[in-house]
Amino acid sequence: ITAPGVVVGLAWTAAGGDILFIEAMDLPGSGNLKLTGQMGDVMTESAAIAWSYVKKKAGKELKLDSTFFKHRDFHLHIPAGGIPKDGPSAGVTMATALYSLLSGRKFRQKLAMTGELSLIGKVLPVGGIKEKILAAKRAGIVELILPRLNEKDVREVPDYALKGMAVHYVSHVEEVFALALEE
């Protein structure tokens with residue numbers, strides 16, 4: 002990952018877990034959010050929640066006024082567009098990609114995350130934790146950000162999968178931004 006706006010998430014699939022990259026970019030436009038990468042309805046809703054949260058936060062913290070957003074379009078993409086994707090667990094990942102882009106802060110290396118995002122920034126629990134952790138291990142990830150309410154699910158993960166891996170449990174997306182983005 003070499004540029005702000007690119008982050009690593011964790012996904013559950015029928016074949017087990019997988020990592021997925023989420024990319025965000027801006028371009029001249031009129032304030033629209035475009036989504037690509039075969040996102041289903043639930044994931045599309047998660048993207049809308051992430052965008053609303055980040056837009057409000059960026060306006061306050063980064064001092065971006067409403068005209069900033071009126072003259073740009075934003076594009077959120079999940080590569081492997083031929084593979085349908087759905088579910089709420091990429092909410093924090095999409096929010097982090099958008100905030101990374103707007104703040105200019107890069108995502109930290111060898112880190113991945115999962116978690117559903119509420120409109121007020123709470124990080125909600127998700128399914129498939131064991132499969133997601135195993136996928137992270139296979140991909141060489143050494144640090145994870147997981148919902149605090151999934152802590153009990155990590156106890157079911159084999160010790161070998163967690164060996165050498167730091168796990169951060171979070172309750173709010175602000176904690177995610179602090180852990181995931183470089184200064």
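Our numbering runs 1 ahead of the 1-based position in the sequence shown. No residue lacks a Cβ here, since even glycine has one placed at the ideal position from N, Cα and C. Please read these numbers as outputs of a predicted model, since none were measured by experiment.
query                                                                                                        : result
C-beta atoms of V43 and G10 nearer than 9 Å                                                                  : no
Of the residues L36, Y54, E132, P159, the one placed nearest M114, counting alpha carbons only               : E132
Local conformation of A140 per DSSP, three classes                                                           : coil
Residue interval of the beta strand (DSSP E) (run including T37)                                             : 34-37
Nearest-angstrom Cβ-Cβ length linking T94 and F178, presumed shorter than 8 Å                                : Not a contact, Cβ separation roughly 12 Å.
Backbone secondary structure at E175 - three-state DSSP                                                      : helix
H173 to S47 span [Cα, whole Å]                                                                               : 15 Å
Beta-bridge partners of M114, as assigned by DSSP                                                            : G10, I146
Beta-bridge pairing of H76 - partner residues as DSSP gives them                                             : M26, K35
Straight-line Cα distance separating L36 from T195                                                           : This structure leaves residue 195 out entirely; the chain is present only between 2 and 184.
Burial state of Y54, where buried means 16 or more other Cβ atoms lie within 10 Å                            : buried
Residue from R156, L163, G92 whose Cα sits closest to the Cα of V143                                         : L163
Residue interval of the alpha helix (DSSP H) (run including L103)                                            : 92-104
Backbone secondary structure at A15 - three-state DSSP                                                       : coil
Which of helix, strand or coil DSSP assigns to V168                                                          : strand
Boundaries of the alpha helix (DSSP H) in which I50 is found, first to last residue                          : 42-62
Other residues of its chain near K71: CB distance less than 6 Å, five sequence neighbours each side excluded : G32
Alpha helix (DSSP H) segment containing F69, residue limits                                                  : 67-71
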